[in-house]
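Read the structure below first, then the notes.
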Amino acid sequence: MGFSPGIKVLLGFAPDTDDKIVKKDWDRRTKQVCKPCWELKYCPYGPLVEQFPLVPSTRQETLEHNEFLKKQLAKGVYDEQRRKFFEEEVKNFNPRDYPEKLSQEQLERGCTKYGHMCPVFFLNEPFTETKERRKIRKVYTL
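The sequence shown begins at 284 in the working numbering and counts up by one.
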């Protein structure tokens, strides 16, 4: 599982920290995390989840999106501000920055409704949506 520089920073690491170090810490923090939606059958975070990072895209998805942007730029469909932004995105695109496929672990951390990573993986607490408490150590990550 690779970690983007942005996720590393959110977890308190330098952007260039080795993925193995970040993964070991991430696994320790989230060992017994339970997504609230698993118990409630809905997302209690609602739109707040949109403030958290997206689950990474696969290499194929990003290749397709980059080709889409090239076609849209060629058609001239964007205003000047968006055009400059997307031209920069296309120029700096590197497919090696994206995984070939996502692990089951990465997929499970995503919100099925909003697509972002569930806040519970960043701010886990020993509370649960049921009467029982989770058996985890309190870890503050942000």
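Glycine is no exception: its CB is placed at the ideal position from the N, C-alpha and C atoms.
Within the continuous alpha helix (DSSP H) that includes residue i, where are the two ends?
i: Asp310; result: 302-312
i: Pro319; result: 319-323
For residue i, count neighbouring C-beta atoms within 10 Å of its own C-beta (all shown protein chains included) and say buried if the count is 16 or more, exposed if not.
i: Trp321; result: exposed
i: Ala297; result: exposed
i: Phe368; result: exposed
Is residue i helix, strand or coil by DSSP?
i: Leu293; result: helix
i: Leu331; result: helix
i: Leu337; result: strand
i: Phe404; result: helix
i: Pro288; result: helix
How about residue i: is its C-beta nearer than 8 Å to some C-beta of chain D?
i: Gln364; result: Of the chains in the structure shown, none is chain D; there is only one protein chain.
Apart from the five residues on each side of it in sequence, which residues of its chain come closer than 7 Å, Cβ to Cβ, to residue i?
i: Leu346; result: Pro378
i: Lys384; result: Thr341
i: Tyr328; result: Pro402
i: Phe404; result: Thr313, Val316, Arg392
i: Trp309; result: Leu294
Residues in the same chain with beta-carbon distance under 6 Å from residue i, minus the five sequence neighbours each way, listed in chain order, please.
i: Lys291; result: Pro298, Thr300, Val305
Runs of alpha helix (DSSP H) lying entirely within the region 340-400, each at least 4 residues, in chain order: 342-358, 363-375, 387-391
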